[in-house]
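Colleague: Structure in structure tokens, see below.
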Amino acid sequence: MPTPERPSLIVRQKSPQNIEFPFASLSDWLIPTELFFVRNHFASPDLDARDWRLRVGGAVERPIELDLDSIKAMRSTTFTAVVECAGNGRVYYEPPKEGLQWQNGAVGNAAWTGVLLREILEVAGVKRTAREVLLVGADSGVVDANKKTASPGPIAFARSLPLEKAMAHSTILAYSMNEEALTRDHGYPLRAVVGGWFGMAWVKWITHITVVEQPFLGYWQARDYFRWERSLGEPRLVPLAEMEVKAQIARPVQGAHLIAGQPYRIFGAAWSGEAVIRQVQVCTGDGRGWREGRLLETERPFAWRLWEYMWTPEEVGRYVLRCRAIDGAGRVQPELPRSDCESYAANWIVPVEVTVVPEPQTYEEEFVI
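All residue numbers for the sequence shown refer to this note's numbering, where the first residue is -8 and numbers rise by one.
This is the structure we're talking about:
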């Protein structure tokens, strides 16, 4: 049974399994692995590390094949990073959009340990003609059978990274999550951790890495996980990449009753893409405008920031609480949805309505015989 310490996860889809973290239960900077959200496109493959191999090829000087022990023997690195499913917040789109109806819990912050992707690529020797690095997972299946968007038969989940991002210190191949071996649902034995980017780039169960000389236009890059870009006038499709600046309120929850004259902690988390969070501002709907929230913990690149704001409502009535984040690149969380993001990147401000009452409400017990 769920408890306040271990709340119940929210099942968004049973097969393949897709599970949401109950964001209202947020309490710690790191989300425990057993509470971390799960995003699967196909059934989680059951891989045995004794048989598993990582194969690196394509535009490299020396194609290589590595087992897990060889990778673990390389210099390790650990860093904390937040990962958000690109569809997090989709339920707030109006009118509704196709896809899993994530609320606000398809996001989490964890400590990841592995090896820099660049070190593995350096062993293979990347050719000067390389443009992207394709990561291919062991999970596969048919997508949207009998629909216009159907995949050309069974396909693996595969995404590419620009060479610059693949070689960055924010991209690792992880075998550990929160100081424990990866679980099956989180990509055992090896997954990508791509700091600052949406979760579709964090390919799980990686078996192949292919360095390519042309832009990769596979299913998950060209038919799904994209948005519209208007920088050249006419809209064109571009793959999703960097996360958007965003803050969410964990507590109070929608519909909560607060007591007039009593202080209340408004609490949540904020994150962005390649830039760090600089500010979180809060508006309580009492006519005083935006006010500074307090950022908690130490600032760390690619991790989220917990934040709080202490509020004492003086008058009874209904209030609309809002929060917005501002990152180091000067980006401000928007007030309204953007029409060019398809069903993704829902980072606009989502209000939380609460009611302030004069005193605690109690109810006499009633017995029916």
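All C-beta atoms, glycine included, are put in the ideal place defined by N, C-alpha and C.
How should I360 be labelled, buried or exposed, when 16 other C-beta atoms within 10 angstroms of its C-beta is the threshold for buried?
Modeller: Summary for I360: the model assigns pLDDT 47, below 50, so the residue's position carries little reliability, and this model does not support an answer.
Colleague: Thinking C-beta only, is M158 closer than 7 Å to R218?
Modeller: No, the pair does not count as a contact, with Cβ atoms beyond the cut-off.
Colleague: Assuming A97 and R30 form a contact by the criterion Cβ under 8 Å, report the distance between their Cβ atoms to the nearest whole angstrom.
Modeller: So it is a contact: roughly 7 Å between Cβ atoms.
Colleague: Assess contact between the region 138 to 150 and the region 109 to 123, defined as three or more Cβ pairs (one per stretch) separated by less than 8 Å. Is contact present?
Modeller: At 8 Å Cβ cutoff, the stretches do not touch.
Colleague: In whole angstroms, what separates the C-alpha of L249 from that of K138?
Modeller: Cα-Cα distance, rounded: 49 Å.
Colleague: According to the neighbour-count rule (16 or more other Cβ atoms, all chains shown, within 10 Å of its Cβ), is V127 buried or exposed?
Modeller: V127 comes out buried.
Colleague: Got a sec, what are the start and stop residues for the alpha helix (DSSP H) A157 sits in?
Modeller: Run containing A157: 154 to 157, per the alpha helix (DSSP H) assignment.
Colleague: How many Å lie between E283 and V273 at the Cα?
Modeller: Each residue's alpha carbon lies about 6 Å from the other.
Colleague: Grouping DSSP H, G and I as helix and E and B as strand, with all else coil, what is Y179?
Modeller: It is coil, neither helix nor strand.
Colleague: Answer yes or no: do V236 and R322 have a C-beta to C-beta separation smaller than 7 Å?
Modeller: In contact: V236 and R322 (Cβ atoms closer than 7 Å).
Colleague: Ignoring anything shorter than 4 residues or poking outside the region 42 to 79, list the alpha helix (DSSP H) runs there in chain order.
Modeller: Correct list: 59 to 63.
Colleague: Could you tell me the alpha carbon to alpha carbon distance between A367 and F258, rounded to whole angstroms?
Modeller: For the chain, the structure presents residues -8 to 360; residue 367 sits outside this window and is missing.
Colleague: Can you tell me which of the three DSSP states E233 falls into?
Modeller: Strand, per DSSP.
Colleague: Give the range of the beta strand (DSSP E) segment to which E123 is assigned.
Modeller: Looking at the DSSP string, the run of the beta strand (DSSP E) that includes E123 is 123 to 132.
Colleague: Between the region 202 to 222 and the region 295 to 314, do three or more beta carbon pairs fall short of 8 Å?
Modeller: In short, these stretches do not touch, since the Cβ pair count stays below three.
Colleague: To the nearest angstrom, how far is it from the Cα of I1 to the Cα of D135?
Modeller: When rounded, the distance between both Cα atoms is 24 Å.
Colleague: So the alpha helix (DSSP H) R30 belongs to, where does it begin and stop?
Modeller: Neither: R30 is in no alpha helix (DSSP H) and is coded neither H nor E.
Colleague: Under 7 Å Cβ to Cβ from M65, same chain only, skipping five residues before and after it: list those, please.
Modeller: Only V106, E110 meet the Cβ criterion.
Colleague: For D277 and S167, I'd like the C-alpha separation in whole angstroms.
Modeller: When rounded, the distance between both Cα atoms is 46 Å.
Colleague: Tell me whether the region 287 to 295 and the region 34 to 54 touch, counting them as touching only if at least three CB pairs, one residue from each stretch, are closer than 8 Å.
Modeller: Touching, no, given that fewer than three Cβ pairs across the two stretches are closer than 8 Å.
Colleague: Using 8 Å as the cut-off, can you tell me whether the region 323 to 341 makes contact with the region 75 to 89, which would need three or more C-beta pairs spanning the two stretches below that distance?
Modeller: Taking 8 Å as the limit for Cβ pairs, the verdict is that the region 75 to 89 does touch the region 323 to 341.
Colleague: Quick check on P243: buried or exposed, where buried means 16 or more other Cβ atoms within 10 Å of its Cβ?
Modeller: So P243 counts as buried.
Colleague: Given that a residue counts as buried once 16 or more other Cβ atoms are within 10 Å of its Cβ, and exposed if not, what is P99?
Modeller: First, the residue type needs correcting, since residue 99 is Gly and not Pro in the sequence shown. Burial call: buried.
Colleague: Excluding the 5 residues preceding and the 5 following P351 in the sequence, name in chain order all residues of the same chain whose CB lies nearer than 7 Å to its CB.
Modeller: Excluding positions up to five away in sequence, the list reads I250.
Colleague: Please report the distance separating the alpha-carbon of V347 from that of V307.
Modeller: One C-alpha to the other measures close to 5 Å.
Colleague: In the DSSP assignment, the beta strand (DSSP E) including L297 goes from what residue to what residue?
Modeller: Counting along the chain, the beta strand (DSSP E) containing L297 begins and ends at 296 to 302.
Colleague: Taking the alpha-carbon of E11 as reference, which of L21, D19, T71, G80 has the nearest alpha-carbon?
Modeller: Nearest of L21, D19, T71, G80 to E11, Cα basis: G80.
Colleague: Does the Cβ of Q245 have 16 or more other Cβ atoms within 10 Å, making it buried, or fewer, making it exposed?
Modeller: Exposed, by the Cβ-count rule.
Colleague: Assuming contact is defined by CB atoms lying nearer than 7 Å, are V361 and E123 in contact in what I supplied?
Modeller: Within the shown structure, residues of the chain are numbered from -8 to 360, placing residue 361 beyond reach of any answer.
Colleague: Output the boundary residues of the alpha helix (DSSP H) element that contains V114.
Modeller: Counting along the chain, the alpha helix (DSSP H) containing V114 begins and ends at 108 to 115.
Colleague: For R285, which residues in the same chain have their Cβ closer than 6 Å to its Cβ, ignoring the five residues on either side in sequence?
Modeller: These residues qualify, in order along the chain: E299.
Colleague: Should T69 go down as buried or exposed, given a rule of 16 or more other Cβ atoms within 10 Å for buried?
Modeller: Burial call: exposed.
Colleague: Rounding to the nearest angstrom, what Cα-Cα distance links D318 and N338 in this structure?
Modeller: The alpha-carbon atoms of D318 and N338 are separated by roughly 13 Å.
Colleague: Which residue or residues does DSSP assign as beta-bridge partners of E290?
Modeller: According to DSSP, which records beta bridges pairwise, E290 is partnered with nothing at all.
Colleague: Is it right to say V343 is buried, meaning 16 or more other beta carbons lie within 10 angstroms of its own, or is it exposed?
Modeller: Under this definition V343 is a buried residue.
Colleague: Return the residue from the list P325, Q324, Q253, R329 that minimises the CA-CA distance to P349.
Modeller: When only C-alpha atoms are compared, the closest one is Q253.
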